[in-house]
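Here the structure is laid out as structure tokens; the discussion comes afterwards.
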Amino acid sequence: MSQSYEKSQLLHSRAIKSLVGGVNSPVRSFKRVGGKPLLAEKAAGAFLWDVDGNRYVDFVMSYGPHLFGHSPEPIKMALKKVCEGSPCYGMTSEGEIEWAELLLKRLPGAEKVRALSTGTEACMTAIRLARGITGRDLVVKFSGHYHGHVDSLMVDAGSGIATLSSEAAPDSKGLPRALVDLARVAEFNNLESVAQIFAKDGNSIACVILEPVMGNMGVVAPDPAFLRGLREICTRHGALLIFDEVMTGLRVHSRSAQGRYGITPDLTCLGKIVGGGLPLSALAGPAKFMDQLAPLGGVYQAGTLSGNPVSIAAGLAMLKWIDQEDPYARLEEVGQRLERAFLEAASRRKREISVSRVGSMISVYFRKDPVRNANDCRAVDEAAFNRYFHGMLEAGCLLPPSPFEAYFLASVHADLSKDDLEGRIEKAFSVFG
Ligand SMILES: Cc1ncc(COP(=O)(O)O)c(C=O)c1O
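This note's numbering runs 1 ahead of the 1-based position in the sequence shown.
Structural data, given as structure tokens:
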């Protein structure tokens, strides 16, 4: 029986009159998968309810901040308490210090942190800092990697070959050509593409920035040798290695991707989990680099709401909870269970898929071969994905509305019954006959 989406549709018709495209972030519009977007009413644990009362197992988890599930009690309690006072002071408060100390404990190569509000800001500041430290302008990024809507990072030459040219194509209107020209785009898991860029421009490169586990074209695991090679190239050329761990930070390992793969970057960008679901992000690194930021150094960065007590309370509650619960074994277990469920359901329907997973980040690609880079991710059967996406909705599973987004698991997914996890996935794949 088909679910009703009547109220979502009515609200969406109203939303498009006052919100651009009816949304405040483009992916939410369902443009890629077709149909009208759902509107959320409430969420708890592993479930989300839309405004029509349909209940979904939520694999979006707000794109990453919820490590333990929706409506998390310790964070709600911390927020209730902090909301008795002023939401912001414009002065430093003790919570910021405690939050920084707990975070730094999990980043062995870092000694200092700056709190900001969004992942975009953290990445923007990281490359400004790298440019300030090195006195160089060029930035190397990877095809398909997203670092927020920072002007000079919104370029993605789109194919491994084009990546080697300096003719990077902008991903948006409104990007000054002068900034686009400062980006060099390499291919993920292809050290040679990076070596060639350094061979040509090595003396002008300020930094290499990457998602150490690619998550913004869906999940793609790194070759450990690739990460080691990047570390070596950056050190040799005096360029900074920046890990954008906005998505992977405190998710793929208790010490983030850098802990999982044993590579120490020069700077780390964090977001999502470190804010416990509120706007809070971080830039961290050794004191010799971080002290180049204002007020100690000449690289300017500031924020009216940076480190506000409300976001800090949520982030701090999250960090303490992680210390207490150590959820990573449980996340790995439920990740394996979900991976198996997808593979078995697809195999029963004779549908070729490739499941890509690193811990609690997972993607299903409608292609046979595993993915190693953005080009592989783009070579999927999008029509099949769209049928599957709508099949999943009908079966009561909420996915990100795009074939190029990671699904996020929370530890509460491990408590789902067989009916709610394997059963719903099995039902969804019946769209393939
Ligand atoms: C790896 C990565 N970097 C940066 C960002 C930007 O973060 P925000 O949306 O908080 O600005 C994102 C957002 O999803 C991300 O996944």
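From the three backbone atoms N, C-alpha and C, an ideal C-beta is built for every residue, glycine too.
Assign residue i to one of two classes, buried (16 or more other C-beta atoms within 10 Å of its C-beta) or exposed (fewer than that).
i, result
"Asn190", "buried"
"Leu20", "exposed"
"Met483", "There is simply no residue 483 to check, as the chain begins at 2 and stops at 434 in what is shown."
"Met215", "buried"
"Met248", "buried"
"Ala111", "buried"
"Gly308", "buried"
"Ser348", "exposed"
"Ser9", "buried"
"Tyr389", "buried"
"Tyr366", "buried"
"Glu97", "buried"
"Glu188", "buried"
"Pro266", "buried"
"Asn55", "buried"
"Arg358", "buried"
"Gly136", "exposed"
"Ala288", "exposed"
"Ala44", "buried"
"Ser26", "exposed"
"Cys84", "exposed"
"Tyr147", "buried"
"Tyr6", "buried"
"Arg178", "exposed"
"Pro225", "exposed"
"Glu345", "exposed"
Please check the pair residue i and residue j, which I expect to be a contact at CB under 8 Å, by giving their CB distance rounded to whole angstroms.
i, j, result
"Arg252", "Met362", "7 Å"
"Leu104", "Ala283", "6 Å"
"Leu281", "Ile313", "7 Å"
"Arg435", "Gln259", "Since the first residue shown for the chain is 2 and the last is 434, residue 435 is missing from the structure and cannot be characterised."
"Leu211", "Lys321", "Contact doesn't hold; Cβ gap of about 30 Å is too wide."
"Tyr315", "Gly277", "Residue identity differs from the one stated: residue 315 is Ala in this sequence, not Tyr. Right, their Cβ atoms sit about 4 Å apart."
"Val311", "Pro88", "5 Å"
"Asn387", "Gly35", "6 Å"
"Val300", "Leu130", "5 Å"
"Leu317", "Ala79", "7 Å"
"Ile134", "Phe290", "6 Å"
"Gly250", "Val275", "6 Å"
"Ser173", "Asp157", "The Cβ separation is near 11 Å, so there is no contact."
"Leu113", "Ala285", "The question names Leu, but residue 113 in the sequence shown is Lys. Indeed they touch by this definition, with Cβ atoms about 7 Å apart."
Could you name the residues of the same chain whose beta carbon sits closer than 7 Å to that of residue i, not counting the 5 residues immediately before and after it, in chain order?
i, result
"Ala415", "Arg331, Glu334, Val335"
"Met2", "In this prediction, Met2 scores a pLDDT of 48, lower than 50, which makes its location untrustworthy; the coordinate-derived value is nonetheless stated afterwards. Contacts found: none."
"Leu12", "Leu40, Val52"
"Ala411", "Ala47, Met62, His67, Leu68, Phe69, Gly70"
"Asp138", "Arg132, Leu183, Ser205, Ala207"
"Ile162", "Residue placement at Ile162 is poorly supported in this model, since its pLDDT is 30, which falls under 50; the coordinates are not used for a value here."
"Ser94", "Pro310"
"Leu176", "Asp152, Met155"
"Phe199", "Ile206, Ile234, His238"
Excluding the 5 residues preceding and the 5 following residue i in the sequence, name in chain order all residues of the same chain whose CB lies nearer than 6 Å to its CB.
i, result
"Ala16", "Gly23"
"Ala385", "Phe367"
"Asn374", "Glu188, Phe189, Asn190"
"Lys369", "Glu353"
Are any of the Cβ atoms in chain B nearer than 8 Å to that of residue i?
i, result
"Pro280", "Annotation note: the requested chain B is absent from the structure, which comprises a single protein chain."
Considering only residues of the same chain and omitting the five flanking positions on each side of residue i, which have a CB-CB separation below 8 Å?
i, result
"Val58", "Ala47, Phe48, Gly397, Cys398, Leu399, His414, Leu417, Asp421, Leu422, Arg425"
"Pro401", "Val28, Phe60, Val61, Tyr64, Ala407, Tyr408"
"Asp324", "Leu103"
"Thr119", "Gly149, Gly272, Pro280, Ser282"
"Arg350", "Phe430, Ser431, Phe433, Gly434"
"Lys81", "none"
"Val356", "Glu340, Phe343, Leu344, Ile363, Ser364, Val365, Tyr366"
Margin query: Please give me, in chain order, every unbroken run of the alpha helix (DSSP H) with length at least 4 that falls completely inside the segment 72-146.
Written below: 74-83, 95-106, 120-135
Check: At which residue ranges does the segment 348-407 contain complete alpha helix (DSSP H) runs of 4 or more residues, listed in the order of the chain?
Finding: 375-379, 383-395
Checklist line | Inter-stretch contact at 8 Å, needing at least 3 Cβ pairs: the segment 331-348 / the segment 186-199 | finding: no
Margin query: Taking 8 Å as the cut-off, does the segment 218-236 touch the segment 395-415 (at least 3 CB pairs, one atom from each stretch)?
Written below: yes
Next item on the list: Determine contact between the segment 119-138 and the segment 265-273, defined as no fewer than three beta-carbon pairs at a distance below 8 Å.
Entry: yes
Check: Is the number of C-beta pairs between the segment 378-398 and the segment 225-244 that are closer than 8 Å three or more?
Finding: no
Next item on the list: Evaluate the contact criterion for the segment 339-347 versus the segment 285-304: three or more CB pairs, one atom per stretch, below 8 Å.
Entry: no
Notebook entry, point to check: What are the complete beta strand (DSSP E) segments, minimum 3 residues, inside the segment 204-276?
Noted result: 206-211, 241-246, 268-271
Margin query: Could you tell me which whole alpha helix (DSSP H) segments of length 4 or greater appear in the segment 279-312?
Written below: 288-291
Next item on the list: May I have a chain-ordered list of the alpha helix (DSSP H) segments no shorter than 4 residues that lie completely inside the segment 170-202?
Entry: 178-181, 192-202
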